[in-house]
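Participant: Mind looking over this structure? Questions follow.
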Amino acid sequence: MATKESSSASPNETKIKGVLTHGGRYVQYNVYGNLFEVSSKYVPPIRPIGRGAYGIVCAAVNSDTHEEVAIKKIGNAFDNRIDAKRTLREIKLLRHMDHENVIAIKDIIRPPKKETFNDVYIVYELMDTDLHQIIRSDQQLTDDHCQYFLYQLLRGLKYVHSANVLHRDLKPSNLLLNSNCDLKIGDFGLARTTSEADFMTEYVVTRWYRAPELLLNCSEYTAAIDIWSVGCILGEIMTREPLFPGKDYVHQLRLILELIGSPDDASLGFLER
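Laid out in structure tokens, this is it:
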């Protein structure tokens, strides 16, 4: 499951053989020069499919279910408090969600020893690519494609919002796809429940998909910020270019105003005078 800021590897990349450790309970691999150690039920060989700031992702097969999965390694997961909270938040939320348009966590691989618990391995269902890669490719997208992607995105988002959760980081690279054009919303690291008292204070949403109220530092916002992101994504699917590719937040606001005009006073009521 290649997510945001990932650098996907070729699907045909050489599979990597591993070495059994800890009495055969785990297998160690050398992936891009990094240790990758997982439960032996994920049968070797594994196949690297992505890497980025978040870590490394490999495809494997669960020998118990014969299901292909994606295993994401988050190295030194507890060194940075913000990153650790983001990882924990995604795990906590996705473990309680069950919808065909939301990515599923299949397993959390326990470390061989508690004393050396530094890395987190999360097992997801395996997807082929993400919407960002499709938009940037030469793949033709028909009206049927656009409608089907939008339908699935809104369907999944309706489920997320019904659980009183705001995703807060919707963008093409967080929308995962397979060869059947099935779409799943991924990367819940910035998501929040609407009951959290401090959830309005953190940086949210990549700039190009950020709603005006966030650009203007609104202290309170609603699920509408996710719907704005959906509109930006739809525009990008149809034109194959970002709708509002702002260079900074002032430029971002200027691009929005040039397209949709200036808001009325009632819409700006949240701003402090």
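Start counting the sequence shown at 817; every next residue gets the next number (my numbering).
The beta carbon of each residue, even a glycine, is placed where N, CA and C say it ideally should be.
Small disclaimer: the values here were computed from a predicted structure and weren't measured.
(1) Taking the C-alpha atoms as reference points, what is the distance between A825 and C962?
(2) Can you give me the start and stop residues for the alpha helix (DSSP H) that A900 sits inside?
(3) Run the CB neighbour count on E906, radius 10 Å, all protein chains shown included, and call it buried at 16 or more, exposed below.
(4) Taking 8 Å as the cut-off, does the region 999-1008 touch the region 1023-1041 (at least 3 CB pairs, one atom from each stretch)?
(5) Grouping DSSP H, G and I as helix and E and B as strand, with all else coil, what is C874?
(6) If we cut at 7 Å on Cβ distances, does Q949 have a partner in chain C?
(7) Roughly how many angstroms lie between the CA atoms of S822 and Q949, to the nearest whole one?
(8) If we count the other Cβ atoms within 10 Å of its Cβ and call it buried at 16 or more, is V835 buried or exposed?
(9) Closer than 8 Å is the cut-off here; do at least three beta carbon pairs connect the region 1045-1065 with the region 940-959?
(10) List the endpoints of the continuous alpha helix (DSSP H) containing Y964.
(11) Quick check on the DSSP output: what are the complete alpha helix (DSSP H) runs of length 4 or more inside the region 1018-1053, in order along the chain?
(12) Is the Cβ-Cβ distance between A1007 and H977 less than 7 Å?
(13) State the start and end residues of the unbroken beta strand (DSSP E) segment that holds E853.
(14) Consult DSSP for R841 and reduce its assignment to one of helix, strand or coil.
(15) Helix, strand or coil for R952 per DSSP?
(16) Which first and last residues belong to the alpha helix (DSSP H) in which L1073 is found?
(17) How would you label F933, buried or exposed, when you count the other beta carbons within 10 angstroms and need 16 or more for buried?
(18) Buried or exposed: where does G849 fall if 16 or more other Cβ atoms within 10 Å of its Cβ makes it buried?
Facilitator: Checking against the coordinates, here is how it stands:
(1) What you label residue 825 is simply residue 9 of the sequence shown in a count that begins at 1. What you label residue 962 is simply residue 146 of the sequence shown in a count that begins at 1. Because A825 sits at a pLDDT of 44, beneath the cut-off of 50, its placement in the model cannot be relied upon, and the point is left open.
(2) Taking the sequence shown and counting its residues from 1, the one referred to as residue 900 is at position 84. Element bounds for A900: 897-910.
(3) Counting from one through the sequence shown, the residue named residue 906 turns up at place 90. Using a 10 angstroms sphere on the CB of E906, the tally of other CB atoms reaches 16 or more, which defines it as buried.
(4) At 8 Å Cβ cutoff, the stretches do not touch.
(5) Your numbering for residue 874 matches position 58 in the sequence shown. Look at C874 here: in three-state DSSP terms it is strand.
(6) Given the protein chain composition of this structure (a single chain), no chain C is represented.
(7) As a first step, residue 822 must be located in the sequence shown, where it is residue number 6. As a first step, residue 949 must be located in the sequence shown, where it is residue number 133. Caution is warranted here: a pLDDT of 42 is assigned to S822, below 50, making its placement in the model unreliable, and no coordinate value can be reported.
(8) Working through the sequence shown from its first residue, we reach residue 835 at position 19. The residue is exposed, with fewer than 16 neighbouring Cβ atoms inside 10 Å.
(9) Contact between the region 1045-1065 and the region 940-959 is present, because at least three Cβ pairs lie under 8 Å.
(10) Your numbering for residue 964 matches position 148 in the sequence shown. First-last of the alpha helix (DSSP H) with Y964: 959-978.
(11) DSSP runs (the alpha helix (DSSP H)) wholly in the region 1018-1053: 1028-1031.
(12) For the purposes of this step, residue 1007 is taken as the residue at position 191 of the sequence shown. For the purposes of this step, residue 977 is taken as the residue at position 161 of the sequence shown. No, the pair does not count as a contact, with Cβ atoms beyond the cut-off.
(13) Here the question's residue 853 lines up with position 37 in the sequence shown. Here the beta strand (DSSP E) through E853 covers 850-855.
(14) As a position in the sequence shown, residue 841 is number 25, starting the count at 1. Coil at R841, not helix or strand.
(15) Within the sequence shown, the letter at position 136 stands for residue 952. Three-state result, R952: helix.
(16) Counting from one through the sequence shown, the residue named residue 1073 turns up at place 257. Under the DSSP assignment, L1073 falls in the alpha helix (DSSP H) whose first and last residues are 1065-1076.
(17) By 1-based counting over the sequence shown, the position of residue 933 is 117. It is exposed - the Cβ of F933 has fewer than 16 other Cβ atoms within 10 Å.
(18) Here residue 849 is taken as the residue at index 33 of the sequence shown, counted from 1. Flag for G849 reads exposed.
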